[in-house]
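**Student:**
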Amino acid sequence: MTSVITTSNLCKRYGKILRVKDVDLSVPEGAVYGFLGPNGAGKSTTLKMILGLVKPTAGSITVFGQKVNNRNRLSILTNIGSLIESPSYYGHLTGEENLRIISTLRNLPKKNLDHVLRIVRLDNQKKKLVNQYSLGMKQRLGLAGALLPFPKLLILDEPINGLDPAGIQEMRELICALPKQFGMTVVVSSHLLSEVDQIADSVGIISQGELVFQGSLETLHERSKPSIAIRTLNNPMACKILAEQGLPCETEDDYLLLPDMPDELVARHFSHLFFNHIDIVRIEARQPSLEDIFLDLTGMAVSL
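Okay, so the sequence shown: first residue is 0 according to numbering that gives the first Met the number 0, each after it adds one.
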(Lines of atoms letter the chains of each structure in order from A and count residues from 1; the text may use other names and numbers.)
(Lines give C-alpha, C1' and ligand atoms only; values in the text may rest on other atoms or scores of the structure.)
Protein backbone atom coordinates (compact mmCIF):
# COMPACT_ATOMS: atom_id res chain seq x y z
CA MET A 1 0.00 0.00 0.00
CA THR A 2 1.27 3.48 -0.94
CA SER A 3 2.26 5.71 1.96
CA VAL A 4 1.32 9.39 1.86
CA ILE A 5 3.66 10.21 4.76
CA THR A 6 6.83 8.42 5.76
CA THR A 7 9.38 9.61 8.28
CA SER A 8 12.79 8.09 8.92
CA ASN A 9 14.61 8.47 12.25
CA LEU A 10 12.75 11.73 12.87
CA CYS A 11 14.04 13.56 15.95
CA LYS A 12 13.45 16.88 17.66
CA ARG A 13 15.56 18.18 20.50
CA TYR A 14 14.72 21.20 22.66
CA GLY A 15 17.83 22.08 24.61
CA LYS A 16 18.95 18.86 26.30
CA ILE A 17 15.53 17.20 26.00
CA LEU A 18 14.79 14.91 23.05
CA ARG A 19 11.04 15.33 22.51
CA VAL A 20 10.81 13.07 19.44
CA LYS A 21 13.17 10.09 19.13
CA ASP A 22 13.80 8.24 15.84
CA VAL A 23 10.14 8.13 14.78
CA ASP A 24 9.40 6.12 11.63
CA LEU A 25 5.82 6.89 10.60
CA SER A 26 4.07 5.28 7.65
CA VAL A 27 0.63 6.69 6.82
CA PRO A 28 -1.28 4.65 4.19
CA GLU A 29 -2.97 6.49 1.33
CA GLY A 30 -6.75 6.92 1.69
CA ALA A 31 -6.79 5.90 5.36
CA VAL A 32 -7.77 7.56 8.60
CA TYR A 33 -4.54 7.26 10.60
CA GLY A 34 -4.86 7.64 14.35
CA PHE A 35 -1.77 9.13 15.97
CA LEU A 36 -2.09 8.29 19.65
CA GLY A 37 -0.19 9.12 22.78
CA PRO A 38 -0.50 10.62 26.25
CA ASN A 39 -0.37 14.40 26.60
CA GLY A 40 3.22 15.57 26.06
CA ALA A 41 4.23 12.39 24.21
CA GLY A 42 5.41 14.25 21.10
CA LYS A 43 2.34 14.07 18.85
CA SER A 44 2.00 17.78 18.09
CA THR A 45 5.75 18.22 17.66
CA THR A 46 5.83 15.38 15.11
CA LEU A 47 2.91 16.82 13.15
CA LYS A 48 4.45 20.31 13.21
CA MET A 49 7.66 18.90 11.74
CA ILE A 50 5.69 17.23 8.94
CA LEU A 51 4.01 20.59 8.21
CA GLY A 52 7.28 22.52 8.32
CA LEU A 53 6.25 24.52 11.38
CA VAL A 54 9.11 23.03 13.39
CA LYS A 55 12.53 22.13 12.00
CA PRO A 56 13.66 18.55 12.74
CA THR A 57 16.89 18.03 14.63
CA ALA A 58 17.55 14.88 12.62
CA GLY A 59 15.85 12.48 10.23
CA SER A 60 13.85 12.88 7.04
CA ILE A 61 10.22 13.40 6.00
CA THR A 62 8.65 12.19 2.75
CA VAL A 63 5.19 13.40 1.70
CA PHE A 64 3.44 12.34 -1.54
CA GLY A 65 6.60 10.44 -2.48
CA GLN A 66 8.80 13.55 -2.26
CA LYS A 67 11.47 14.06 0.35
CA VAL A 68 10.60 17.40 1.96
CA ASN A 69 13.23 20.14 1.70
CA ASN A 70 13.34 23.95 1.54
CA ARG A 71 12.87 23.96 -2.25
CA ASN A 72 9.70 21.86 -2.48
CA ARG A 73 8.08 22.45 0.93
CA LEU A 74 5.61 25.12 -0.24
CA SER A 75 4.46 23.13 -3.28
CA ILE A 76 3.86 20.08 -1.06
CA LEU A 77 1.93 22.17 1.47
CA THR A 78 -0.55 23.30 -1.20
CA ASN A 79 -1.98 19.75 -1.08
CA ILE A 80 -2.17 19.60 2.73
CA GLY A 81 -4.86 20.97 5.02
CA SER A 82 -4.25 21.16 8.74
CA LEU A 83 -5.81 22.08 12.06
CA ILE A 84 -3.11 22.20 14.74
CA GLU A 85 -4.16 22.85 18.33
CA SER A 86 -6.90 25.55 18.56
CA PRO A 87 -8.32 27.01 15.32
CA SER A 88 -7.52 30.67 14.59
CA TYR A 89 -10.30 33.05 13.61
CA TYR A 90 -11.45 36.68 13.72
CA GLY A 91 -14.24 36.74 16.29
CA HIS A 92 -15.72 40.04 15.05
CA LEU A 93 -16.26 38.56 11.57
CA THR A 94 -18.76 35.97 10.42
CA GLY A 95 -17.85 32.39 9.68
CA GLU A 96 -18.21 33.06 5.96
CA GLU A 97 -15.98 36.15 6.15
CA ASN A 98 -13.27 34.19 7.98
CA LEU A 99 -13.26 31.54 5.28
CA ARG A 100 -13.28 34.18 2.53
CA ILE A 101 -10.01 35.59 3.90
CA ILE A 102 -8.39 32.15 3.71
CA SER A 103 -9.85 31.57 0.26
CA THR A 104 -8.50 34.90 -1.02
CA LEU A 105 -5.03 34.32 0.43
CA ARG A 106 -4.86 30.90 -1.23
CA ASN A 107 -6.55 32.05 -4.44
CA LEU A 108 -9.25 29.39 -4.21
CA PRO A 109 -12.55 29.31 -6.15
CA LYS A 110 -15.67 30.63 -4.36
CA LYS A 111 -17.49 27.34 -4.89
CA ASN A 112 -15.04 25.71 -2.46
CA LEU A 113 -16.20 28.04 0.31
CA ASP A 114 -19.86 27.16 -0.11
CA HIS A 115 -19.02 23.49 -0.39
CA VAL A 116 -16.98 23.24 2.84
CA LEU A 117 -19.64 25.15 4.76
CA ARG A 118 -22.12 22.45 3.75
CA ILE A 119 -19.67 19.65 4.62
CA VAL A 120 -19.13 20.94 8.18
CA ARG A 121 -22.82 21.86 8.50
CA LEU A 122 -22.29 25.57 9.04
CA ASP A 123 -24.10 26.77 5.92
CA ASN A 124 -27.03 27.97 8.05
CA GLN A 125 -24.71 29.75 10.50
CA LYS A 126 -22.30 31.38 8.02
CA LYS A 127 -23.66 34.93 8.60
CA LYS A 128 -23.26 34.64 12.37
CA LEU A 129 -20.31 36.30 14.15
CA VAL A 130 -17.72 33.74 15.20
CA ASN A 131 -17.68 35.22 18.73
CA GLN A 132 -21.22 33.89 19.01
CA TYR A 133 -20.26 30.37 17.88
CA SER A 134 -20.20 27.46 20.32
CA LEU A 135 -16.90 25.62 20.81
CA GLY A 136 -18.10 22.85 18.51
CA MET A 137 -18.98 25.36 15.79
CA LYS A 138 -15.55 26.98 16.10
CA GLN A 139 -13.91 23.57 15.70
CA ARG A 140 -16.01 22.92 12.61
CA LEU A 141 -15.06 26.33 11.24
CA GLY A 142 -11.39 25.45 11.75
CA LEU A 143 -11.99 22.18 9.92
CA ALA A 144 -13.71 24.08 7.11
CA GLY A 145 -10.63 26.29 6.75
CA ALA A 146 -8.42 23.20 6.51
CA LEU A 147 -10.74 21.68 3.90
CA LEU A 148 -10.97 24.79 1.68
CA PRO A 149 -8.36 23.66 -0.88
CA PHE A 150 -9.78 20.08 -0.80
CA PRO A 151 -6.33 18.72 0.02
CA LYS A 152 -5.02 15.23 -0.61
CA LEU A 153 -3.86 15.10 3.01
CA LEU A 154 -5.63 16.46 6.09
CA ILE A 155 -3.85 16.68 9.46
CA LEU A 156 -5.98 17.26 12.57
CA ASP A 157 -4.38 17.70 15.99
CA GLU A 158 -6.78 16.78 18.84
CA PRO A 159 -9.90 17.88 16.87
CA ILE A 160 -12.39 16.80 19.56
CA ASN A 161 -10.74 18.62 22.47
CA GLY A 162 -13.36 20.43 24.55
CA LEU A 163 -16.34 19.20 22.55
CA ASP A 164 -19.52 17.93 24.16
CA PRO A 165 -20.84 14.44 23.22
CA ALA A 166 -22.94 15.82 20.34
CA GLY A 167 -19.95 17.76 18.99
CA ILE A 168 -17.71 14.70 19.26
CA GLN A 169 -20.22 12.62 17.29
CA GLU A 170 -20.45 15.30 14.58
CA MET A 171 -16.67 15.55 14.25
CA ARG A 172 -16.36 11.76 14.18
CA GLU A 173 -18.87 11.47 11.34
CA LEU A 174 -17.17 14.23 9.36
CA ILE A 175 -13.72 12.64 9.66
CA CYS A 176 -14.97 9.18 8.66
CA ALA A 177 -16.72 10.59 5.57
CA LEU A 178 -13.71 12.45 4.12
CA PRO A 179 -11.69 9.51 2.69
CA LYS A 180 -14.80 7.95 1.14
CA GLN A 181 -16.24 11.15 -0.35
CA PHE A 182 -13.08 12.98 -1.41
CA GLY A 183 -10.29 10.40 -1.43
CA MET A 184 -8.41 12.23 1.32
CA THR A 185 -5.90 10.73 3.69
CA VAL A 186 -6.62 11.94 7.23
CA VAL A 187 -4.19 11.97 10.17
CA VAL A 188 -5.90 12.48 13.53
CA SER A 189 -3.92 12.87 16.74
CA SER A 190 -5.55 12.11 20.07
CA HIS A 191 -4.84 10.92 23.60
CA LEU A 192 -8.17 9.03 23.62
CA LEU A 193 -7.85 5.49 22.28
CA SER A 194 -11.59 4.92 22.53
CA GLU A 195 -12.23 7.78 20.08
CA VAL A 196 -9.59 6.72 17.57
CA ASP A 197 -10.93 3.17 17.76
CA GLN A 198 -14.18 4.40 16.21
CA ILE A 199 -12.67 6.25 13.23
CA ALA A 200 -9.20 4.95 12.34
CA ASP A 201 -7.97 2.25 9.99
CA SER A 202 -4.33 2.39 11.07
CA VAL A 203 -2.76 3.50 14.32
CA GLY A 204 0.59 4.81 15.51
CA ILE A 205 1.19 5.07 19.27
CA ILE A 206 3.90 7.37 20.59
CA SER A 207 5.18 7.47 24.16
CA GLN A 208 7.86 9.79 25.52
CA GLY A 209 8.83 10.67 21.96
CA GLU A 210 9.19 7.07 20.74
CA LEU A 211 6.88 5.15 18.42
CA VAL A 212 5.91 2.06 20.43
CA PHE A 213 3.31 0.62 18.03
CA GLN A 214 2.30 1.06 14.41
CA GLY A 215 -0.11 -1.05 12.43
CA SER A 216 -3.72 -1.73 11.65
CA LEU A 217 -6.42 -1.34 14.27
CA GLU A 218 -7.18 -5.02 13.74
CA THR A 219 -3.62 -5.92 14.80
CA LEU A 220 -4.00 -3.81 17.92
CA HIS A 221 -7.28 -5.55 18.76
CA GLU A 222 -5.55 -8.93 18.50
CA ARG A 223 -3.53 -7.98 21.58
CA SER A 224 -6.76 -8.06 23.59
CA LYS A 225 -7.25 -11.82 23.24
CA PRO A 226 -8.89 -13.41 26.29
CA SER A 227 -6.98 -15.59 28.77
CA ILE A 228 -7.62 -17.60 31.92
CA ALA A 229 -5.93 -16.65 35.18
CA ILE A 230 -5.67 -19.11 38.07
CA ARG A 231 -4.15 -18.92 41.52
CA THR A 232 -3.15 -22.07 43.35
CA LEU A 233 -1.49 -22.92 46.64
CA ASN A 234 1.56 -24.17 44.71
CA ASN A 235 1.99 -22.19 41.51
CA PRO A 236 5.46 -23.55 40.55
CA MET A 237 4.24 -27.17 40.73
CA ALA A 238 0.99 -26.27 38.95
CA CYS A 239 2.94 -24.64 36.13
CA LYS A 240 5.13 -27.73 35.78
CA ILE A 241 2.13 -30.09 35.65
CA LEU A 242 0.34 -27.95 33.06
CA ALA A 243 3.51 -27.75 30.94
CA GLU A 244 3.72 -31.56 30.96
CA GLN A 245 0.23 -31.53 29.43
CA GLY A 246 1.41 -29.18 26.68
CA LEU A 247 -0.33 -26.17 28.16
CA PRO A 248 1.96 -23.11 28.33
CA CYS A 249 1.48 -20.68 31.19
CA GLU A 250 2.97 -17.38 32.29
CA THR A 251 3.36 -16.04 35.81
CA GLU A 252 1.91 -12.66 36.71
CA ASP A 253 2.00 -11.64 40.36
CA ASP A 254 0.30 -14.51 42.22
CA TYR A 255 -1.47 -15.86 39.13
CA LEU A 256 -0.77 -18.26 36.29
CA LEU A 257 -2.00 -16.99 32.91
CA LEU A 258 -3.28 -19.64 30.51
CA PRO A 259 -4.57 -19.29 26.93
CA ASP A 260 -8.32 -19.20 26.48
CA MET A 261 -9.86 -22.62 25.87
CA PRO A 262 -13.24 -24.41 25.85
CA ASP A 263 -14.78 -25.39 29.19
CA GLU A 264 -14.15 -29.10 28.49
CA LEU A 265 -10.40 -28.49 28.23
CA VAL A 266 -10.43 -26.34 31.36
CA ALA A 267 -12.07 -29.17 33.30
CA ARG A 268 -9.63 -31.76 31.89
CA HIS A 269 -6.47 -29.77 32.69
CA PHE A 270 -7.62 -28.70 36.13
CA SER A 271 -8.58 -32.24 37.07
CA HIS A 272 -4.88 -33.12 36.65
CA LEU A 273 -4.04 -30.43 39.18
CA PHE A 274 -6.57 -31.81 41.66
CA PHE A 275 -5.25 -35.34 41.07
CA ASN A 276 -1.77 -34.07 41.99
CA HIS A 277 -3.13 -32.39 45.14
CA ILE A 278 -2.78 -28.84 43.76
CA ASP A 279 -5.54 -26.73 45.27
CA ILE A 280 -6.97 -24.01 42.99
CA VAL A 281 -8.21 -21.07 45.04
CA ARG A 282 -9.22 -18.68 42.25
CA ILE A 283 -10.13 -18.85 38.54
CA GLU A 284 -10.72 -15.71 36.44
CA ALA A 285 -11.53 -15.06 32.80
CA ARG A 286 -9.54 -12.04 31.60
CA GLN A 287 -9.70 -9.91 28.48
CA PRO A 288 -7.63 -6.71 28.36
CA SER A 289 -9.43 -3.69 27.00
CA LEU A 290 -7.88 -1.42 24.38
CA GLU A 291 -7.24 1.07 27.18
CA ASP A 292 -5.29 -1.62 29.06
CA ILE A 293 -3.20 -2.26 25.94
CA PHE A 294 -2.62 1.47 25.49
CA LEU A 295 -1.45 1.82 29.09
CA ASP A 296 0.81 -1.19 28.68
CA LEU A 297 2.38 0.20 25.49
CA THR A 298 2.87 3.72 26.86
CA GLY A 299 3.88 2.74 30.39
CA MET A 300 1.65 2.73 33.46
CA ALA A 301 3.54 5.64 35.01
CA VAL A 302 2.58 8.01 32.20
CA SER A 303 -0.26 10.35 33.10
CA LEU A 304 -3.08 10.42 30.57
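The beta carbon of each residue, even a glycine, is placed where N, CA and C say it ideally should be. Being a predicted model, the structure only gives us computed values, none of them experimental.
(1) Compute the distance between the beta-carbons of R45 and L104, then report whether it is under 8 Å.
(2) Looking at the structure shown, is L156 part of a helix, part of a strand, or coil, going by DSSP?
(3) Is it buried or exposed, V280, if we count other Cβ atoms within 10 angstroms and call 16 or more buried?
(4) Please report the distance separating the alpha-carbon of G51 from that of D252.
(5) Would you mind working out which of E169, P148, S288, D262 sits nearest V119, comparing C-alpha positions?
(6) Quick check on K20: does DSSP put it in helix, strand or coil?
(7) With H, G and I counted as helix, E and B as strand and the rest as coil, what does DSSP make of N233?
(8) For a test of the three-state rule: what should DSSP assign to V115, helix, strand or coil?
(9) Between the C-alpha atoms of G304 and E157, what's the straight-line distance to the nearest angstrom?
(10) Less than 8 Å separating the beta-carbons of S206 and P37?
(11) Between which two residues does the alpha helix (DSSP H) containing S193 stretch?
(12) Expressed to the nearest angstrom, what Euclidean distance is found between the alpha-carbon atoms of G80 and I101?
(13) With DSSP collapsed to three states, give me the class of P27.
(14) Would you identify the three-state DSSP class for R70, choosing helix, strand or coil?
(15) Measuring only the C-alpha atoms, how far is L177 from E243?
**Tutor:** Well, looking at it:
(1) Checking the sequence, you will find Thr at residue 45 rather than Arg. Cβ atoms of T45 and L104: not closer than 8 Å.
(2) Checking the sequence shown, residue 156 turns out to be Asp, not Leu. DSSP places D156 within a strand segment (E or B) once states are collapsed to three.
(3) With fewer than 16 other beta carbons inside 10 angstroms of its own, V280 counts as exposed.
(4) Rounded to whole angstroms, G51 to D252 spans 47 Å at the Cα level.
(5) When only C-alpha atoms are compared, the closest one is E169.
(6) Reduced to three states, the DSSP call for K20 is strand.
(7) Residue state, collapsed to three classes: coil.
(8) Looking at V115 - three-state DSSP - the assignment turns out to be helix.
(9) Missing from the structure shown is residue 304; the chain here goes from 0 to 303 and no further.
(10) Inclusion of S206 and P37 in the CB contact set at 8 Å is warranted, their separation being smaller than that value.
(11) Boundaries of the alpha helix (DSSP H) harbouring S193: 192 to 195, taken from the DSSP string.
(12) Cα to Cα, G80 sits roughly 12 Å from I101.
(13) In the structure shown, P27 adopts extended strand secondary structure according to DSSP, grouped into three states.
(14) Note: R70 maps to coil in three-state DSSP.
(15) For L177 and E243, the distance between alpha carbons rounds to 54 Å.
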